[in-house]
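Enquirer: Numbering (the numbering used here), first residue to last: 569 to 1003.
Provided herewith is a single structure, encoded as structure tokens, for subsequent inquiry.
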Amino acid sequence: MKICVLGLGYVGAVSCGCLAALGHTVVGVDIAKPKVDRIKRGESPIIEEGLAEILRKAVDEGRLSATTDTNAALQDADMALVCVGTPSTPTGGVNSIYLERVCEQIADAVKTNTGKFLAVLNRSTSLPHVHRKLQEILEQHTGEKLGTNVGYVCHPEFLREGAAVYDFYNPPKIVYGATDPKSEELCTQLYPGIEAETFFVSPDIAAMVKYADNCFHAVKVTFGNEIGMLCKGFDIDGHAVMDIFCADHKLNISPKYLKPGFAFGGSCLPKDLRAVLDASRDLAAPMPMLSGTMKSNVVQVESVFKRIGSDRPKLGVIGLAFKEGTDDIRESPMVTLVELATGKGLPVHIYDQHLAVQALVGANKSFALQSIPHLANLLSDDLDGVIKDSDVIVVAHRLTPEAWASVQWRDDQRIIDLVNVEALHNQPNYDGLYW
Ligand SMILES: NC(=O)c1ccc[n+]([C@@H]2O[C@H](COP(=O)([O-])OP(=O)(O)OC[C@H]3O[C@@H](n4cnc5c(N)ncnc54)[C@H](O)[C@@H]3O)[C@@H](O)[C@H]2O)c1
């Protein structure tokens, strides 16, 4: 393919060299002439291991050139790879000015080119609303619907500076969010021979994946540092602790606990997090992220309570225990939700298949009596009855498809689903927690 790489910074320079090495014909474009001149001479505009040799070879073999003339570079191109910067605005937002300008330039070129279809792949990190605006710019400036003579793909970049060439050939994944089938087809020809799990999704999802990644990486660094700080306070080697932590691929370095769902609770997480925060105060080792975790958990419960509404609906709660398959209600966020609801005078009915007040014992029983003294009056073992008596139903346990099939719903009932029950997705007033 003929690929035009717009922006010759860290992402663009690596893309130019490595795509040319894969056999494509590449033209690099930048508004900064010194960068263009360096590429033309086969020199790297950035310090990046292995890149200088790759660029020199690509230029020598005639597969890589560079220019400041965007329009000329885009003539006959199959693909425009947008790699311009997306710095922060003064309030921290995405400054999309360079992206908008580049999309206008691309649209101008498309209007005057030979009529060949051009796929615009945006590698610059930007939020979904920015991608939508860029799609609008392309449509407005070309006067055509996307997919006609120009298409748009959100194609986030995952390389790490310092290991960028290695990451190009060994990406952790490849994600394409294309608006049209012609662009999607061209995407399949972009990385011949490179093996990575590849995802074709919507542009919005592709955009958010990149932010989820970077937020997670930031959280991982901070988590390691906060645990390290606590270890240092106890005169323990933080690396020795985290080496074992990282060796656990079942619960720690794994998808466990990472799918959006309701707040955490139970007899361990809140208690042990409190202990760590208490120790951090004693050791004068502040842990803003972990203490923020407690606050964030409260926000989860409060935001679900807000969604129930202020018109004093009758509330049905499906599942009170902190997770399904147990009768442990200690520090269950559902108990907090019920406390909030009853405190505001909402009538509440609860169905929990494993919960019988007479069967509760020990700390679980004390917690139940302390938090919801009238629990016995709210609990029912009749799922259909609880739902019949409710205007809003908050679902915290999945139950079985057969159990849901036995329920008679009314069209006016609202469902707030905290656990993603597929059997409920088609109900008229269904509201998934984060889906
Ligand atoms: N640097 C990284 O490690 C990395 C990794 C993944 C994703 N990203 C994302 O990729 C994007 C690019 O990052 P970068 O570090 O390569 O940026 P950079 O600032 O190093 O380079 C951007 C280049 O775009 C050029 N440019 C601006 N407007 C232009 C235009 N109209 N036409 C042609 N060129 C133009 C600039 O002159 C500059 O050389 C950003 O959105 C960034 O968040 C960066």
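Using N, Cα and C, we set each Cβ at its ideal position, and we do this for glycine too.
Tell me whether D985 sits in a helix, a strand or coil according to DSSP, three-state version.
Expert: Numbered from its first residue, the sequence shown carries residue 985 at position 417. Strand.
Enquirer: Find the nearest neighbour of A753 within the set A687, L851, F784, T716, judged by alpha-carbon distance.
Expert: As a first step, residue 753 must be located in the sequence shown, where it is residue number 185. In the sequence as displayed, the identity of residue 753 is Glu instead of Ala. Nearest C-alpha to E753: A687.
Enquirer: For V688, list the residues DSSP reports as bridge partners.
Expert: Position 120 of the sequence shown holds residue 688. Note: V688 sits in a beta bridge opposite A648, Y720.
Enquirer: Identify the residues that DSSP records as bridge partners of T635: which are they?
Expert: Counting from 1 along the sequence shown, the entry for residue 635 is found at position 67. Paired residue(s): V597.
Enquirer: Starting from the C-beta of R982, find all residues in its chain whose C-beta is less than 6 Å away, skip the five residues before and the five after it, and write them out in chain order.
Expert: The residue labelled residue 982 in the question sits at position 414 within the sequence shown. These residues qualify, in order along the chain: V960, N997.
Enquirer: Do you know whose CA, among E763, F767, Y734, D735, lies nearest V743's CA?
Expert: Counted from its first residue, the sequence shown places residue 743 at position 175. Comparing Cα-Cα distances from V743 to each of E763, F767, Y734, D735, the minimum goes to F767.
Enquirer: Go to N997, then tell me how far its alpha helix (DSSP H) extends in each direction, as first and last residue.
Expert: By one-based count along the sequence shown, residue 997 stands at place 429. Run containing N997: none in the alpha helix (DSSP H); it sits in the beta strand (DSSP E), 997-1000.
Enquirer: So does T657 have its beta carbon nearer than 6 Å to some heavy atom of ligand 1?
Expert: Along the sequence shown, read from residue 1 onward, the residue named residue 657 stands at position 89. No, since every heavy atom of ligand 1 falls outside the 6 Å radius drawn around the Cβ of T657.
Enquirer: My assumption, with CB atoms under 8 Å, is that V884 sits in contact with I812. Please give the rounded CB distance.
Expert: Counted from its first residue, the sequence shown places residue 884 at position 316. Counted from its first residue, the sequence shown places residue 812 at position 244. Going by the sequence as given, residue 884 is Gly instead of Val. At roughly 44 Å, the Cβ-Cβ gap does not stay under 8 Å, so G884 and I812 are not in contact.
Enquirer: Relative to the alpha-carbon of G580, which residue among N639, F784, A648 has its alpha-carbon at the smallest distance?
Expert: As a position in the sequence shown, residue 580 is number 12, starting the count at 1. Nearest of N639, F784, A648 to G580, Cα basis: A648.
Enquirer: Between the stretch 729-739 and the stretch 704-716, do three or more beta carbon pairs fall short of 8 Å?
Expert: The stretch 729-739 vs the stretch 704-716: no contact.
Enquirer: Tell me whether the beta-carbon of I897 lies closer than 7 Å to the beta-carbon of A909.
Expert: Taking the first residue of the sequence shown as position 1, residue 897 is located at position 329. Taking the first residue of the sequence shown as position 1, residue 909 is located at position 341. Contact: no.
Enquirer: Going by the C-beta, is D637 closer than 6 Å to any heavy atom of ligand 1?
Expert: On the sequence shown, residue 637 is found 69 positions in, with the first residue counted as 1. No - ligand 1 has no heavy atom lying nearer than 6 Å to the Cβ of D637.
Enquirer: If you run the structure through DSSP and keep just helix, strand and coil, what is G610?
Expert: Working through the sequence shown from its first residue, we reach residue 610 at position 42. It is coil, neither helix nor strand.
Enquirer: Would you say A588 and V594 are within 7 Å of each other, going by their C-beta atoms?
Expert: In the sequence shown, counting from the first residue as 1, residue 588 sits at position 20. In the sequence shown, counting from the first residue as 1, residue 594 sits at position 26. Taking 7 Å as the Cβ cut-off, A588 and V594 qualify as a contacting pair.
Enquirer: Go ahead and label G630 buried or exposed: buried means 16 or more other beta carbons lie within 10 angstroms of its beta carbon, across all protein chains shown.
Expert: If you number the sequence shown from 1, residue 630 lands on position 62. Exposed, since its Cβ has fewer than 16 Cβ neighbours within 10 Å.
Enquirer: Suppose the cutoff is 8 Å on Cβ atoms and the five residues either side in sequence are ignored; what does the same chain contact list for E763 look like?
Expert: One-based indexing of the sequence shown puts residue 763 at position 195. Cβ neighbours of E763 beyond the five flanking positions: none.
Enquirer: Are L702 and D748 touching if we call contact CB-CB under 7 Å?
Expert: As a first step, residue 702 is located in the sequence shown; it is residue number 134 there, counting from the start. As a first step, residue 748 is located in the sequence shown; it is residue number 180 there, counting from the start. No, the pair does not count as a contact, with Cβ atoms beyond the cut-off.
Enquirer: Among N865, R842, S694, T790, which one has its Cα closest to the Cα of C651?
Expert: As a working note, residue 651 is residue 83 in the sequence shown. Among N865, R842, S694, T790, the Cα nearest to that of C651 is on S694.
Enquirer: At a cut-off of 6 Å, is Y779 close to ligand 1 when judged by its beta-carbon and the heavy atoms of the ligand?
Expert: The count along the sequence shown starts at 1 and reaches residue 779 at position 211. No, ligand 1 has no heavy atom inside 6 Å of this Cβ.
Enquirer: Tell me, to the nearest whole angstrom, how far the beta carbon of A645 is from that of C572; I am working on the premise that it is less than 8 Å.
Expert: Taking the sequence shown and counting its residues from 1, one reaches residue 645 at position 77. Taking the sequence shown and counting its residues from 1, one reaches residue 572 at position 4. That pair is a contact at about 4 Å.
Enquirer: Can you tell me whether DSSP reads I674 as helix, strand or coil?
Expert: As a working note, residue 674 is residue 106 in the sequence shown. Correct three-state label for I674: helix.
Enquirer: Look up I742 in the DSSP assignment and say whether it is helix, strand or coil.
Expert: For the purposes of this step, residue 742 is identified with residue 174 of the sequence shown, where counting begins at 1. In this structure, I742 counts as strand in the three-state DSSP scheme.
Enquirer: What is the residue span of the alpha helix (DSSP H) that V869 lies within?
Expert: Along the sequence shown, one-based indexing puts residue 869 at 301. Here the alpha helix (DSSP H) through V869 covers 856-876.
Enquirer: Could you tell me how far apart the beta carbons of V1005 and T636 are, in whole angstroms, since I believe they sit closer than 8 Å?
Expert: Residue coverage of the chain in this structure runs from 569 to 1003, which leaves residue 1005 outside it and unanswerable.
Enquirer: I'd like the list of long-range same chain contacts for W1003, defined as Cβ closer than 8 Å, with 5 residues on each side in sequence excluded.
Expert: Locating residue 1003 in the sequence shown gives position 435, counting from the first residue. Taken in chain order, the residues that qualify are P828, N988.
Enquirer: Which of helix, strand or coil does DSSP assign to V573?
Expert: Numbered from 1 along the sequence shown, position 5 holds the residue referred to as residue 573. Of the three classes helix, strand and coil, the one that applies to V573 here is strand, per DSSP.
Enquirer: Can L947 and A936 be called in contact, C-beta distance under 7 Å?
Expert: Counting from one through the sequence shown, the residue named residue 947 turns up at place 379. Counting from one through the sequence shown, the residue named residue 936 turns up at place 368. No, the pair does not count as a contact, with Cβ atoms beyond the cut-off.
Enquirer: Give the DSSP bridge partners of H917, in chain order.
Expert: For the purposes of this step, residue 917 is taken as residue 349 along the sequence shown, with counting starting at 1. BP columns for H917 point to G884.
Enquirer: Within the stretch 768-815, note down every full alpha helix (DSSP H) run reaching 4 residues or more, in order along the chain.
Expert: The stretch 768-815 contains these whole alpha helix (DSSP H) runs: 771-801, 806-815.
Enquirer: Exposed or buried, what is T968 when buried is set at 16 or more other beta-carbons lying within 10 Å of its beta-carbon?
Expert: Numbered from 1 along the sequence shown, position 400 holds the residue referred to as residue 968. The residue is exposed, with fewer than 16 neighbouring Cβ atoms inside 10 Å.
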